[in-house]
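Reminder that position 114 of the sequence shown reads as 114 in full-length UniProt numbering, one-by-one numbering, no gaps. For every residue, glycine included, the Cβ atom is placed at its ideal position computed from N, Cα and C. To start, the structure itself, in structure tokens.
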Amino acid sequence: MRADSGRSAVGRVTARTHGASAPRGLRLGERVRQLRVSSNLTQSELAGDRFSKEYISQIERGKTRPTNETVAWLAARLGVELEFLQSGVSSEERDRAEAIIARAEAHISRREYGQAIGAFREAAASVAGFALGRTPNVPRSATRSSTMR
């Protein structure tokens, strides 16, 4: 089965379904749905000529796991970074959290444990919105200049 065949993958994707559930707010399908709705797109509009509405529905409901190629196509179609669609964290957020963690590690090396804990909490809070199932506030850097090409 080729995802880019233009035909529905419904019915042939059962081998790729996954039973493991991620914590609420962290699943790819939920991010696809949130971004689609915030872009005022229907499932049919998002699918375009490449996929069926039903396949997009299955992705959003977590009933199928799309290929990396499909996820990259969806990210481009939705106008967000691939990393943001895959993980729910933009590269800007990741870089900010990594800088805070580096600061926390410096505190640890100086035995400033209270400040290290505060820095780790700050890093966690910077990306915790998705883990808590909040609607994403897509950072400007995660979006592309045009959502539909």
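Buried versus exposed call for residue i [16 or more other C-beta atoms within 10 Å across all chains shown]
| i | result |
| --- | --- |
| isoleucine 59 | buried |
| glycine 48 | exposed |
| tyrosine 113 | exposed |
| alanine 104 | buried |
Secondary structure of residue i, DSSP reduced to three states
| i | result |
| --- | --- |
| valine 80 | strand |
| phenylalanine 51 | coil |
| leucine 85 | helix |
| asparagine 40 | coil |
| glycine 62 | coil |
| serine 91 | helix |
Interface flag, residue i vs chain C, CB-CB below 8 Å
| i | result |
| --- | --- |
| glycine 62 | The structure shown has no chain C; it contains just one protein chain. |
Sequence-distant residues of the same chain with beta carbon closer than 6 Å to residue i, five excluded per side
| i | result |
| --- | --- |
| residue 150 | This structure cannot settle anything about residue 150, because the visible part of the chain is limited to 1 through 149. |
| isoleucine 56 | Gln43, Leu46, Ala47 |
Residues near residue i in its chain [Cβ-Cβ closer than 7 Å; skip 5 each side]
| i | result |
| --- | --- |
| serine 44 | Lys53 |
Own chain partners of residue i with C-beta closer than 8 Å, once the 5 adjacent residues on each side are dropped
| i | result |
| --- | --- |
| leucine 85 | Leu28, Arg31, Val32, Leu35, Val71, Leu74, Ala75, Leu78 |
- Item | Contact between the stretch 51-67 and the stretch 87-106 (3+ Cβ pairs under 8 Å) | no
- Message: When you compare the stretch 25-35 with the stretch 70-82, are there three or more beta-carbon pairs, one atom per stretch, that lie closer than 8 Å?
- Response: yes
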